[in-house]
Amino acid sequence: MKFRIAAVAAASIALAACGSNEEVSTEAEADTVEVAADEAMAPVEEEPIADPAANAVVERADNAADRAEAAADEAEAAAASVEEAGDNAAETAEAAMDAMGE
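For any residue, its number in the working numbering is found by taking its place in the sequence shown, counting from 1, and adding 2.
If you want it as structure tokens, here you go:
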């Protein structure tokens, strides 16, 4: 218990030593937050510059979309070709069965 009281007393004294009561009448000056806010609110004097590479990503995305659409068209054509080949194979098999039956 004595140790706790001594520790609290030492902490209180150390904390009291950090502050000073000199020049208490000095008004608080906000030189951190307000200065940054004033700088942010200052009018912009420089003109914006167009970035020629800004549209490059959009163009690449458009090209990628076109390539994807072309690939989808090719896949549909391949699927139709496979389906047609399957139909032809079925007709050939049916004709062969008929020929064997005669």
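We put the beta carbon where it would ideally sit given N, CA and C, even for glycine.
For Asp75 and Ser83, the rounded distance between their alpha carbons: The residue given as residue 83 occupies position 81 in the sequence shown. The residue given as residue 75 occupies position 73 in the sequence shown. Pairing Ser83 with Asp75, the inter-Cα distance amounts to about 12 Å.
Which of helix, strand or coil DSSP assigns to Ile51: Here residue 51 corresponds to residue number 49 of the sequence shown, with the count starting at 1. The DSSP-derived three-state label of Ile51 is coil.
Glu96 to Ala66 span [Cα, whole Å]: Counting from one through the sequence shown, the residue named residue 96 turns up at place 94. Counting from one through the sequence shown, the residue named residue 66 turns up at place 64. Cα-Cα distance, rounded: 45 Å.
Through-space distance from Glu71 to Met99, alpha-carbon basis: Translated into positions along the sequence shown, residue 99 becomes position 97. Translated into positions along the sequence shown, residue 71 becomes position 69. Between the alpha carbons of Met99 and Glu71 lies a gap of roughly 42 Å.
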